[in-house]
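*Asks:* Protein chains in written order, with UniProt numbering: chain X, 1 to 677; chain L, 1 to 677; chain F, 1 to 677. Don't be surprised by glycine CBs; every beta carbon is placed ideally from N, CA and C. It should be emphasised that the depicted structure is a prediction, and the values quoted were computed from it without experimental measurement. What follows is a structure written as structure tokens; I'll ask about it next.
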């Protein structure tokens, strides 16, 4: 549980912030003139801003032509911010190459799988595998590190921005072949892994291997999966290159990180990134209003914490007034800015940053909300931002404290990528949706949950694991899960699990992979997907959709609900197996939300995993613990529209008083942070 | 109010038609053989055809190989038509380059934004910015003008056909840069206008500027908007080039024009085209059946009239039996051919033409209806066409008369293009839909309406202006609207108005742009888009969707309806401000159709803008005025399925008798044209 | 009724199988190791497998680099299979060129209509018109024929796999021009056929003609239609090339064929293929569950039989547990494997094969079901497969027997392709949907139906013809249908029929094409498509959608139902004409399913076309006849969930006993095969 090279919980950041939580956001002063900068200084103080992310989109100004740098303007802003008490999260601008880059290096522009070469005019338009791009990115990052590595304003380094662009060009093809040699060793091993004996796909030379470009019919799923892995690793290598260059020029208490996109992006293996960043930083914009936003924040925050191994992490971007839905941006409700910020902090963030400080007056994000909206500081949004800053400023003592969970949801990028493929038996196999639903069921039950990788060697820290979409499973992970159940764990596995190995090769002789099958006491013989919109009724009265399976049980596994219709009538649908000291549950069909929630609650209760406090649904109680065990802080967040009485005790950080004996009543939307023994 | 170089109301056309309204259509005799031509002559006389558009698709026959012309066949057709009493609207064939053109000039084929170069095999496949295309087009147009400039059959010139093809190729890029230099002067000014400081988009040389081609993420909205402007100007330049070449060889009483596509196409700024054509000509196919078709005709016709500054204009194409819907072509009902033709004439067209005379027996438009259908003259369609021709032939006295309106709907291509962009707060911001809805509300209320550009210096001719989607607004137009209200105008502005300037830069300090804000007495602080499908109830019982806003009012502005829910409860939703001698209304949410119609009617009544006659919805009364004020003609069009009694007087042009004192009764679908004092 | 070069009903196949029906499937042993091969031998015997399709995807192993062959592994498998009593359907592997092929011949990769050149990584990625592809394909096919032409295991040759890839590249363009010269003779004739006088499309040289690549607007329908014809002919030429090479090296009692895709693929003219294969082979996967699957099997099987001129044919691929729907694969119900196999045999298949023997453990079809599923032989699926094999093994005596039908549905690829174009009056004109619906109406009525081409010279073998979507009709076919009605046939023609000729040129003077118009006693003057979702009520109480027409009747044609609304009120909707000794019915609107079914049943009854037995809907009785008339076999298939008593007699092949006098009762899902006199 150490944070980066210097060992502080957030890699030294909170030390540089004087033990305070971070509060602030992206700051792009190059969009504005001096009169605005002066107002910015004033308003930042007013709003208790202590950290600004600078330089994310500054490449074109920092290097106006190839090899010629202009740092003067940035010097001035860093000095000004520093003088104003605002530390800087200094970004390398490599996500947005300037227009000159395209003309100088057209081969470094990304190419789609249908062969369209993109061009500049937006952002994020580059091929990570193009040598000229990588060299140019490393040069500007190094130049920044050399110049600002010891600048007193700089408290943190922000490499790149939201790695997400994927490319299918010839540079990518070459890099993919190199990666494949490293992963598989020989071409024979590649052929074996991908099953190229089928469909006449056997590769006779490395040069024949291409990215998964447009082809006539389904692609080879092994190749497609390896390409996802390769690309994530390529992005990670690009990150590490810059990180190492920065580390060579900066003090070790200035953590280096990048801002990861959550929650629905699936380009990167975030477990790998979590191991390479000094602090996990995420961008997180709720994708629904109301209670859905609160659950979404917990979902993203719990993932961020888990990717970093449980350490405090940092919310690098949120929207002041931004709730994304499919085709529009909804506004936040009064109080959301504070409560959403505190919700992130409750789940382990050592601060709350926004994108961006001041709403752009031009450009593609002119309608993206900001801490200071177009209307200016005389606005509800800025007032709530400033109020939030004031509250966050009172919470410095929680920095570095950690959240502990007894339950975890299994989460594996390989599964996600493999299920995002072609030729699957049903269009309703939605990795991300199932992941969310499992977490939401625990959240609805008031249970704080981590995410864990199926091959995590430290599963013993959990009492309960939920595996909502465990499509792909390695032999080692199957054995690890089995052993964990045997020694007392409670595992809930859901349909279509453990059916392929890491090469996307099917498990034979019945699913899921042994020895998980042994722990579950279940052998799946046949999948029976349901028609779109069709549903089934089970013997316990619950209903389900999407999927069913023909199972055979091994004693002492028992069905606690059976199918009632068709070929599967009276056959087991939901099963439970006492295995060693533990219990393994299996759901062979996709229960409707209510039944699924009830099942998860029942499994959790069986595992003796309970909420911090018994509270109504939508009222969160999340605890952060001092690493040395001397104190803990209970965050109470009422996301509902009703007041709720909470019987507890402690020192209220917001009122700076002890709670009365009767506890407290959280008003609708209200929050409290209590220091407890 | 003069029409082209010779000053006649329709540029001399009706003079050449002997003072008659134009009746006829596109005539493509090259599809047929001599026996058909003979039948054509007979049937055209029978149907009172006096104008035929010839040559639109004839390039491949007129110039069968590059530089070799064959005019003989066209000579014969022009002579034949002339002998038969049919004047010719002679088209330049430049919308359809022949196949040889592609092989000779592959670089002149258009390229999509994803880099797909299109090829021939259809029509409209060319890049307007390609020099070789422009030269070839000018050559054939000049050759036609030289040969037929003084041909007695030629009464009008029809440049090109439906300018609509857009291109993203390198020729387009070069022309775009030239255009940008002219608009912005310096590269610094371009960078400033587009806000390229954001997202690292600063351009260091002109060569770096590209059309808005495929890129990774949202495009710069300033660039995207300028590209729309550029392309419209490029099309206009192409038009002017041909027009000037023709004018050099033809008598000044032969107007030159092009056929503009209406109503949903948004490639061109039709205000600019209106200034450069001798007569506004439009193609207009109703996009719905029944009353929707009638309202759509009024919508298109009122726009056509407005683009030409109020002069008579010409319906160049309509469909005999064609009502377009999303995925099929519906037939017209009996009587529609006549009533639709008269509806266009009522709104100011000096004629009614069709595409096309005879239904093609082959090719891509084999199922496009025509005046003479596949079934031949023994058909309902041809009989109705011929009956319509006979009626139109009786209306010669209305030629040159004009329609006058007291109300106008504000309409600006810049707004349309800007709202057709990426990154907007809601997918439901539909410029064209709102434009239609505003016009429809006036039409339903029986009010004849113009369209007006927000920066029109002559707004004083109106008592009422409705601004349904005034997203983009220049400083000058904001001031012009303010001043117009101050001197007595009544203005209705709808949500999300005046929020960006002509560079697509946001207005700061609250919306909309000053000094319109002053006239409205409203400062918008925050937008609050609604979820898809969500609706709000206002204090007056009306409902609304899509959008809401947080407003602050300046006295004497008052709320006449407030929000009732959420953060905005009891806050103003609909406001009215007495300002100087005028009134400015603001609707900060999108009212449902019924409430919106009621609001528009209320605002109109407040402005003392009334219908010609109080008639049921769907029964039109539109008046054309002799320019010298000596007479007017009242067109009565019953688009409903019920008879309607009309108490009025005058000379009935169809019966050639004075109306009886009791007035007349229009049967369902019936029409009357009355000459009045 | 001879089958290929040797005259046996299935081209000698069943002779080589010892007079047994074929049972087995695709066998791809290169995916597995020796231990699996040993199990395969055992399980194939257990399941009564006697035919395995080998080599479909083996190119990369057979020719690991260009020109170097490795046949040793295939020798071993063929010897092993032969030793195990399994005959081989030996495939040429040309549908899946190996990766080396792409690198050696990039110009032979297919190009989409938007210019995207596809690459390997899937299957079916090649341009049939590329000379290097054709040469490579012919080389490997010849090498296989030379080596295995006399191999005792080989009972049949399987050229390629599912010809379906279409290409728009320059090779395709060159081949298209050659094809056009052959079809049209001169460029003038091409111009005339395509009506290039419209839209300035006249071609001045052959080089100007291109495939229907991306263009700005609708394509020329004549060109589009000719390209479909060309491509089908190109595929047929590719097939014939390989077939002829094989025939040069194999005994004439080993039939050569290819597996055609059914039922919704429309790339090929299957009538042409039917004339060139020794045995029609089809791949057929039901596209719906339950009764829809049964009707779909009949639909596909009746088409397969018809394409081969009524001869026995062969089901080359079915899915053991595969029911395709739009976005998922549904499982089969218990008993379906047997009943579906027997349903194909009932309709004339001399066997039932599956794709594939053993479910792949890797690759793009890892979730495609197989005879031996992942779970292994201890599974419902394999047990049912083996049971089915045992039943099929008892039916050897039906080999070579044929199905005879008194009714046929007219079916023409030209119609299909022409209706799959741009610019049609309604999006609801669905050739394939109407074809299915016509067949289903007959199937629901218990009537065994063929399909017949409109220009089939042998229509006199039918009493009833249904023409559900006869959009395109040649003069000759129109005359042939007229004459057939005159001599006693009963014809039902549906809306929008006979309206274009084979060049896609419209029929003038009223539709449909003469002299069909004479036989129907109907002249269609005007089409009146309906709005999406709209419906009409007819005078007989039935309802209809999609389409209506304005008709004029010629005595003695009479309306037996009229329209009731709008312009067509009281005008004829459904008509009947006594013509010569026959009757011609016309439906000018698209009746709802129930009314359409009733109409078809009424027309069939009028034609004295009756089911084999009066049975409930969903219970099939289909008869196969010994060619010499000495016996027949009645297949009874209860596709419903209710038992049904059948009063009939005969020798029951499954029980090997005569039926009792009371007949038999088929349980739900039950089947019986009775030999009758």
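Consider the Cβ of residue 669/X: report whether some Cβ of chain L lies at a distance smaller than 8 Å.
*Replies:* Your numbering for residue 669/X matches position 669 in the first chain. Not an interface residue.
*Asks:* For residue 2/X, is the classification buried or exposed, using 16 other Cβ atoms within 10 angstroms of its Cβ as the cut-off for buried?
*Replies:* In the first chain, the residue the question calls residue 2/X occupies position 2. Note on residue 2/X: pLDDT 32, under 50, position unreliable in the model; the coordinate value appears next. When all chains shown are included, residue 2/X counts as exposed.
*Asks:* So, using beta-carbon positions, are residue 39/X and residue 73/X closer together than 8 Å?
*Replies:* In the first chain, the residue the question calls residue 39/X occupies position 39. In the first chain, the residue the question calls residue 73/X occupies position 73. Result no, Cβ atoms of residue 39/X and residue 73/X do not sit closer than 8 Å.
*Asks:* Just to confirm before moving on: does the CB-CB distance between residue 568/F and residue 548/F stay below 8 Å?
*Replies:* As a position in the third chain, residue 568/F is number 568, starting the count at 1. As a position in the third chain, residue 548/F is number 548, starting the count at 1. Yes; because the gap between Cβ atoms is below 8 Å, this pair is in contact.
*Asks:* Relative to the C-alpha of residue 545/L, which candidate in 414/L, 429/L and 171/L has its C-alpha closest?
*Replies:* In the second chain, counting from the first residue as 1, residue 545/L sits at position 545. Of 414/L, 429/L and 171/L, the residue nearest in Cα terms is 429/L.
*Asks:* Where do the N-terminal and C-terminal ends of the alpha helix (DSSP H) with residue 309/L fall, by residue?
*Replies:* Numbered from its first residue, the second chain carries residue 309/L at position 309. It is not in any alpha helix (DSSP H) - residue 309/L carries neither H nor E in the DSSP assignment.
*Asks:* Three or more C-beta pairs under 8 Å: does that hold for the region 330-338 of chain F against the region 173-187 of chain X?
*Replies:* Result no; under three Cβ-Cβ pairs closer than 8 Å.
*Asks:* Quick one: does residue 641/X have its CB under 8 Å from some CB of chain L?
*Replies:* On the first chain, residue 641/X is found 641 positions in, with the first residue counted as 1. Taking Cβ atoms only, chain L never reaches closer than 8 Å to residue 641/X, which makes this a no.
*Asks:* For a contact defined as C-beta to C-beta under 9 Å, what are the partners of residue 381/X on chain L?
*Replies:* On the first chain, position 381 is the one that residue 381/X refers to. What residue 381/X touches in chain L: 525 and 526.
*Asks:* Between the beta-carbon of residue 455/F and the beta-carbon of residue 483/F, is there less than 8 Å?
*Replies:* If you number the third chain from 1, residue 455/F lands on position 455. If you number the third chain from 1, residue 483/F lands on position 483. No, they are not a contact pair.
*Asks:* Going by beta carbon distance, what residues of the same chain come within less than 8 Å of residue 418/L, once the five residues before and after it are set aside?
*Replies:* Here the question's residue 418/L lines up with position 418 in the second chain. Excluding residues within five positions, the ones whose Cβ falls inside 8 Å are 221, 225, 471, 472, 500 and 504.
*Asks:* Under a Cβ-count criterion, where at least 16 other Cβ atoms within 10 Å of its own Cβ denotes burial, should residue 135/X be classed as buried or exposed?
*Replies:* Along the first chain, one-based indexing puts residue 135/X at 135. A residue is called buried when at least 16 other Cβ atoms come within 10 angstroms of its Cβ; residue 135/X does not meet this threshold and is exposed.
*Asks:* So what's residue 403/F in DSSP terms, helix, strand or just coil?
*Replies:* The count along the third chain starts at 1 and reaches residue 403/F at position 403. Residue 403/F: strand per DSSP, three-state reduction.
*Asks:* Would you kindly work out how many angstroms separate the C-alpha atoms of residue 159/L and residue 284/L, rounded to a whole number?
*Replies:* Numbered from 1 along the second chain, position 159 holds the residue referred to as residue 159/L. Numbered from 1 along the second chain, position 284 holds the residue referred to as residue 284/L. Their backbone Cα atoms lie some 17 Å apart in a straight line.
*Asks:* Buried or exposed: where does residue 559/L fall if 16 or more other Cβ atoms within 10 Å of its Cβ makes it buried?
*Replies:* Within the second chain, residue 559/L is the residue found at index 559, counting from 1. Burial check for residue 559/L: the Cβ neighbour count within 10 Å reaches 16 or more, so the residue is buried.
*Asks:* Say whether chain F places a C-beta atom closer than 8 Å to the C-beta of residue 366/L.
*Replies:* Along the second chain, one-based indexing puts residue 366/L at 366. Yes - at least one Cβ of chain F is within 8 Å of the one on residue 366/L.
*Asks:* Consult DSSP for residue 17/L and reduce its assignment to one of helix, strand or coil.
*Replies:* Translated into the one-based positions of the second chain, residue 17/L becomes position 17. Three-state DSSP puts residue 17/L in coil, outside helix and strand.
*Asks:* If you measure from the beta carbon of residue 3/X to each beta carbon in chain L, is any gap under 8 Å?
*Replies:* Locating residue 3/X in the first chain gives position 3, counting from the first residue. With a pLDDT of only 35 at residue 3/X, under the threshold of 50, the placement of this residue in the model should not be trusted, and no figure is reported.
*Asks:* Can you list, in chain order, the stretches of the beta strand (DSSP E) that have 3 or more residues and sit fully within the region 342-401 of chain F?
*Replies:* 349-354
*Asks:* Out of 633/L, 656/L and 321/L, which has the shortest C-alpha to C-alpha gap to residue 348/L?
*Replies:* Here residue 348/L is taken as the residue at index 348 of the second chain, counted from 1. Among 633/L, 656/L and 321/L, the Cα nearest to that of residue 348/L is on 633/L.
*Asks:* Contact defined as beta carbons within less than 8 Å: I believe residue 254/X pairs with residue 313/X. What is the distance between those atoms, to the nearest angstrom?
*Replies:* Here the question's residue 254/X lines up with position 254 in the first chain. Here the question's residue 313/X lines up with position 313 in the first chain. Residue 254/X to residue 313/X, Cβ: 17 Å. No contact.
*Asks:* Per DSSP, residue 558/F is paired with what?
*Replies:* Along the third chain, read from residue 1 onward, the residue named residue 558/F stands at position 558. In DSSP, residue 558/F forms a bridge with 576/F.
*Asks:* Determine which residues of the region 565-581 of chain X have a Cβ less than 9 Å from any Cβ of chain F, and write them out in chain order.
*Replies:* Taking 9 Å as the Cβ-Cβ cut-off against chain F, the residues of the region 565-581 of chain X that qualify are 566 and 567.
*Asks:* Three or more C-beta pairs under 8 Å: does that hold for the region 639-654 of chain X against the region 614-627 of chain X?
*Replies:* yes
*Asks:* For residue 555/X, count neighbouring C-beta atoms within 10 Å of its own C-beta (all shown protein chains included) and say buried if the count is 16 or more, exposed if not.
*Replies:* Locating residue 555/X in the first chain gives position 555, where the first residue counts as 1. It counts as exposed.
*Asks:* Let me see if you follow: with CB-CB separation under 8 Å, is residue 6/X close to chain L or not?
*Replies:* Mapped onto the first chain, residue 6/X falls at position 6. With a pLDDT of only 41 at residue 6/X, under 50, the local geometry of the prediction cannot be trusted, and the value read off the model is given with reservation. Chain L contact via Cβ: absent.
*Asks:* Can you check which of these residues, 570/L, 303/L and 122/L, is closest to residue 209/F by C-alpha distance?
*Replies:* Residue mapping note: residue 209/F aligns to position 209 of the third chain, counting from 1. Minimum Cα distance to residue 209/F is reached at 122/L.
*Asks:* Tell me whether the beta-carbon of residue 353/L lies closer than 8 Å to the beta-carbon of residue 410/L.
*Replies:* For the purposes of this step, residue 353/L is taken as the residue at position 353 of the second chain. For the purposes of this step, residue 410/L is taken as the residue at position 410 of the second chain. In this structure, residue 410/L does not lie closer than 8 Å to residue 353/L by Cβ.
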